[in-house]
Structure formats: C-alpha cells, structure tokens
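What follows is one structure encoded as structure tokens, with my remarks underneath.
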Amino acid sequence: MLFEFEDSTLQPIYEKVMSGTRLSYEDGVALWKTPDLLGVGYMANIVRESLNGDKTYFIHNRHINPTNVCVLLSCQFCAFGVKADNPTAYEKSLNEIFSDAEKYNGGDVSEFHIVGGLHPDYPFEYYLDLLRGLKERFFRQFIYRLIQL
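With UniProt numbering as the guide, the letters of the sequence shown map in order to residues 1 to 149.
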C-alpha cells in the first residue's frame, strides 16, 4: 500500500475495500466519524475505479432559492429557514428567479436545484409557474424540483 492513513482505524476498512468485502454498519459509522477525509476519498476512488475504470463524470449545478421564509422552523432540517418578519428574510419574484438563472443559460450548468423555505403565503400556482417558466426558458438544463439538501 502506498497510501498512509492518518486514522489507523481505517486500515481494516481498507483491507475490506481491497478484498471486495461488503462494509458493515460499524464500518460506515467509522467512515462517518473519521477526520481523515483524504483516506476516505482514497478508498472511495478505489471502489469507483473498480466499477467504472478511469471514467469520471461531473455535474455542474446551481441552486435556486425562491425564499428562505419557512413554516417549518421546528423541523431542524435546515439552518437557513426564517420567519417572514426576520430582517434576513427574502422572497424572490418569478422574474427575479428567471433573471438569476439566465446568468447560467448557455454555459456548462446542466442542472438547477430548487431549494428553499416552504413559504406560508406562496400558493401552489407559484411553484407551478416557477417550474413551467424554468422549463420553457432553460430546456437544456435538468430541473430538480423542490429537493432537500
């Protein structure tokens, strides 16, 4: 082995990776907890190359955040949701969103991810118009609709 792990607890996991042995739940926990990101990446690349050879594909995406105002402030899912009266609250019109997205039209952006708060006053039609408007304007880009990151 040419690679030296900073975290010695990764060595048994590395041996499993090299032998093709399925990792256990405990191995997953160890990978999650380790500060040795380079070691995890090294092993991930070994698996990737064993499955796909030297082919790697990248997706260039941009997030569209219509608003950070959210009704679900107690869900602990995100760190950016705020109440409408918060000074950091923002609400983008459809035209503002289309204008922001236009900056990436014709470039190498292949996906738009629509994320953001669940605004208590936005009607369902707002989201339908958002999706329709994006698809009409940016038919080359894939649109991930209202995903959670």
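For glycine and all other residues, C-beta sits at the position ideal for the given N, C-alpha and C.
| query | result |
| --- | --- |
| Taking one C-beta from the segment 40–56 and one from the segment 70–79 each time, how about it: are there three or more such pairs within less than 8 angstroms? | no |
| Cα-Cα, which of GLU111, VAL69, GLU102 and ASP100 is closest to THR122? | The sequence shown places Tyr at residue 122, not Thr. Of GLU111, VAL69, GLU102 and ASP100, the residue nearest in Cα terms is VAL69. |
| Sorted by chain position, which residues of the same chain lie with C-beta nearer than 8 angstroms to LYS16's C-beta, five sequence neighbours on each side aside? | ARG22, LEU23 and ASP27 |
| Among PHE139, ASP129, PRO66 and PRO87, which has the Cα closest to the Cα of SER110? | PHE139 |
| DSSP three-state call for TYR144: helix, strand or coil? | strand |
| Distance, Cα to Cα, ILE34 vs GLU6? | According to the sequence shown, residue 34 is Thr rather than Ile. Answer to the nearest angstrom: the Cα atoms are 9 angstroms apart. |
| Measuring alpha carbon to alpha carbon, tell me which residue in GLN11, PRO12, LEU146 and HIS113 is nearest HIS63. | HIS113 |
| Assign GLU15 to one of three DSSP states: helix, strand, or coil. | helix |
| Starting from ARG48, trace the beta strand (DSSP E) in both directions and tell me its first and last residue. | Here ARG48 belongs to no beta strand (DSSP E); instead the alpha helix (DSSP H) covers 37–52. |
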